[in-house]
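Shown next, in structure tokens, is the structure this report addresses.
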Amino acid sequence: MKRLSRFFLNARIGFFLAIRQLSRASLWTNGLIVFVMVLTFLNLVVVSGILVGLIQGSVDDTRKQFTADVVVSTLPDKKYIENSQNILGILDTIPEIESYTARYSEGASLEANYLTRRDKDKPDIAGTDLIGVNPVAEDAVTDLSSLVVEGSYLSPGDVDQILVGSFLLAQYNPVEAPGFEALENVGVGTKIRLKVGEVTREVTVKGIVDTKVDEVSRRVYMVDTQVRSFIGRTDGNVDQVSIRLKDGVDPAVVRDEILRSGVGNDAKVQTFEDALPQFLKDIIATFGLLGSVFSSVGLVVSSITIFIVIFINALTRRKFIGILKGIGVTGRAIEFSYVFQSIFYAVIGSVIGLLLLYLVLVPAIAANPIDFPFSDGILVAPLGETFARIGLLVFATLIAGYIPARMIVQKNTLNSILGRN
Amino acid sequence: MITVTGLKRSFKTAAGETHVLKGIDFSAESGEFVAVMGRSGAGKSTFLYQISLLDEPNEGSIVIDGRDALSMSAEEKTRYRLNTFGFVFQDYALLPELTALENVALPLLMQGLQRATAYEKALDALVRVRLDHRSGNVPSQLSGGEQQRVAIARAVSHNPAILFADEPTANLDNESSLAVLAIFEELHEAGQTIIMVTHEEEFAAAAKRLVKIDDGRVIYDGPMTLVRTK
């Protein structure tokens with residue numbers, strides 16, 4: 000009990016001394032230390048947040064532009080989703096579903112410049128997937144029309160009109176690599192040959208779709224009724240259904256609801272997360288690990304910074320520390336004062352960092368994603384993780400403040416007062 | 000009250016070991032005002048640091064109120080200094096970021112007093128040194144004499160059994176020195192035990208007893224009046 004009350008007394012005196020030192024210290028000194036702490040905080044959160052966000056941006060775009068929230072696709076041993084019309088009927092009954100788009104998909108090839116090609120020239124051919132969509136339904140789910148950068152979007156009555164993904168066009172994707180095929184001199188209005196199996200049709204490019212989501216930009220889109228007749232599928236069975244849910248609905252809940260309806264016998268039902276390729280999941284985990292490594296380095300650097308700041312502060316105030324001990328202030332109370340000062344710097348730095356992060360950086364980067372070659376990077380900073388990092392920062396700072404204070408406090412009282420070594 | 004026997008203190012330097020105190024015997028009773036004098040380097044300040052438990056002698060014993068002070072741990076010594084001693088240093092030794100009132104209140108707060116009580120007692124102490132009107136000023140806003148008076152207020156605010164003063168007037172002009180000395184006399188008249196190191200005879204004259212140290216030994220210990228007569 001006596002020890003506890005002595006502990007609180009020391010803490011009280013330490014707090015008293017810390018507050019006086021902080022409030023009467025140079026504004027520049029305090030500002031500089033807080034500035035370092037803000038940078039440290041941002042280093043802890045933003046570096047890993049950008050690394051994770053680099054992939055998360057890609058995942059988010061894939062969800063928004065391709066898979067939507069829940070995706071129903073062909074079973075591995077089937078050519079398409081059997082009983083598709085029944086499944087679509089089931090989807091119509093689920094109230095959590097905002098909209099869905101059913102897609103036909105077939106391997107195809109495109110040939111351009113066939114009219115000007117000489118006999119010995121290599122044909123200008125690129126392999127692709129032909130996707131048949133209801134333009135209105137597709138747009139409601141994936142906002143595909145917003146990705147059209149040249150020409151215009153499909154209309155339900157379009158005949159022999161296609162949207163071409165930019166990945167297939169040399170002017171958008173001028174990569175020269177063995178095996179890589181991109182069509183030359185193709186723009187809006189260009190006629191190209193579309194071949195599915197043995198059937199070839201001449202179609203006109205109505206628009207060009209450009210996005211960093213490969214599943215969208217390396218495909219060709221056509222109105223579903225046209226594709227059905229093109230590939231000879233008259234039974235109405237589709238290859239994929241992407242489902243957009245109402246706000247706040249958990250995709251896993253709807254996935255399970257669909258599966259309970261027996262859809263699993265005819266199709267694979269996945270949330271967008273389930274549908275992520277394994278390599279992407281591995282990259283996310285790797286980048287998360289890298290972020291943690293960078294954060295740890297940042298934490299060590301910040302701890303050393305605080306250690307140096309407190310050490311220099313305590314060293315220059317060694318005489319006063321000696322006087323404090325001389326007049327009866329305990330070493331523990333003096334150590335408390337430095338620990339409180341360290342915590343103050345860490346907390347103020349973190350609070351300013353938090354405000355900067357959530358009021359400026361996250362919204363700004365969300366509005367203007369970082370233009371990485373393969374994704375629009377965002378800043379991922381979940382509140383829980385951020386607070387965990389703040390906890391780490393405060394703890395590391397506390398230790399970094401305590402050690403130098405203890406080192407100075409341990410010195411001989413009289414030597415400290417007289418400035419002797 | 001305080002009894003010192005065979006006190007020795009030496010320091011190791013590059014030139015070898017320097018023996019500053021070579022065996023001092025000394026005692027003081029409650030209510031005494033003792034001036035410790037000697038030429039520069041005689042060992043008077045070192046003597047004060049030993050008996051005020053700021054430093055540890057190589058040999059000898061210090062008994063305060065029947066307790067062997069040298070057997071105390073560092074923490075016990077700190078607590079003992081807090082509760083039993085008051086210090087006035089040559090260079091005032093005030094904490095620059097604390098106001099006069101806060102400087103004086105600090106030992107009281109460390110004793111566990113509530114803030115209001117501590118500040119009230121601190122203000123009383125400032126009244127005693129006639130500086131209550133400067134209670135809100137930080138040391139840099141006070142003159143040397145005022146700072147030393149604040150230091151005295153801090154030293155006596157918690158009614159210590161012994162007040163130690165190390166050359167309290169050395170850095171002051173004549174007028175401030177006289178003011179400080181007047182305060183010491185008032186404190187002594189009120190029953191305060193004072194042990195003061197000084198090299199200025201006119202200020203030492205305020206004390207009732209003189210201890211003269213030379214070359215680490217006491218060469219005179221007796222009433223101040225005898226020295227004056229001599």
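Protein sequence lines correspond, in order, to chains A and B.
Per numbering that gives the first Met the number 0, the first sequence starts with residue 0, numbered consecutively.
Per numbering that gives the first Met the number 0, the second sequence starts with residue 0, numbered consecutively.
C-beta atoms are modelled at their ideal positions from N, C-alpha and C, and glycine is treated no differently.
With respect to residue 374/A, residue 154/A sits apart: the two C-beta atoms are not nearer than 7 Å. Assigned with DSSP and collapsed to three states, residue 99/A falls in strand.
Between the C-alpha atoms of residue 325/A and residue 179/B there is a straight-line separation of about 21 Å. Of 59/B, 94/B, 53/B and 87/B, the smallest CA-CA separation from residue 75/B is found for 53/B. At a cut-off of 7 Å, the C-beta of residue 106/B has a neighbouring C-beta in chain A. Distance from residue 165/B to residue 47/B at the Cβ level is roughly 5 Å; contact confirmed, criterion being Cβ atoms closer than 8 Å. In the structure shown, the three-state DSSP call for residue 213/A is helix. Every beta strand (DSSP E) of 3 residues or more that sits fully in the segment 129-181 of chain B is shown, in chain order, as 161-165. Boundaries of the beta strand (DSSP E) harbouring residue 241/A: 239-244, taken from the DSSP string. At a beta-carbon threshold of 8 Å, the residues of chain B lying near residue 332/A are 109, ordered along the chain. Interface residue (Cβ-Cβ distance to chain B less than 7 Å): residue 12/A is classified as such.
For residue 285/A, no Cβ of chain B is located within less than 7 Å of the residue's own Cβ. Taking all protein chains in view, the Cβ of residue 31/A is surrounded by fewer than 16 other Cβ atoms within 10 Å, so the residue is classified as exposed. For residue 220/B, the uninterrupted beta strand (DSSP E) segment begins and ends at 216-222. Taking CB atoms only, residue 7/A has no neighbour in chain B less than 7 Å away. Below the 9 Å Cβ cutoff, chain A contributes 326, 327, 328 and 329 as neighbours of residue 81/B, in chain order. Taking the C-beta atoms as reference points, residue 337/A is found nearer than 7 Å to residue 309/A. Interface annotation, residue 117/B: not in contact with chain A, CB-CB separation never under 7 Å. Around residue 131/A, the same chain offers 103, 221, 223 and 226 as residues with beta carbons nearer than 6 Å, after the five sequence neighbours per side are excluded. For the options 43/B, 51/B and 17/B, the alpha carbon positioned closest to that of residue 163/B is the one of 51/B. Take residue 26/B, set aside five residues on each side of it, and the residues of its chain with a beta-carbon closer than 6 Å to its own are 2, in chain order. Shown here, residue 256/A sits in a helix according to DSSP, grouped into three states.
A direct Cα-to-Cα measurement between residue 266/A and residue 228/A gives close to 23 Å. When C-alpha distances from residue 212/A are compared across 160/A, 112/A and 275/A, the shortest belongs to 275/A. When 8 Å is used as the limit between beta carbons, residue 396/A is near no residue of chain B, the shortest such separation being about 21 Å. Pairwise C-beta distances place the segment 155-162 of chain B in contact with the segment 104-124 of chain B, as three or more of them are shorter than 8 Å. Neighbourhood of residue 20/A in chain B, by CB distance below 8 Å: 96, in chain order. Within the segment 299-319 of chain A, contact with chain B at the beta-carbon level (separation under 7 Å) is assigned to 319. Remark: C-beta atoms of residue 92/A and residue 136/A do not approach each other more closely than 7 Å.
Taking C-beta atoms as the reference points, residue 203/A and residue 194/A fail to come closer than 7 Å. Each residue's CA atom was taken as its position, placing residue 403/A and residue 330/A some 13 Å apart. Under the 7 Å criterion on CB atoms, residue 169/B is classed as non-interfacial with respect to chain A. With a beta-carbon spacing of about 7 Å, residue 327/A and residue 78/B fall inside the 8 Å limit used to define contacts.
As a beta-bridge residue in DSSP terms, residue 6/B pairs with 23/B. Residue-level contact by beta carbon fails for residue 91/B and chain A, as no gap is shorter than 7 Å. By the criterion of a C-beta distance shorter than 7 Å, residue 45/B is surrounded in its chain by 8, 19 and 20, once the five residues flanking it on both sides are discounted.
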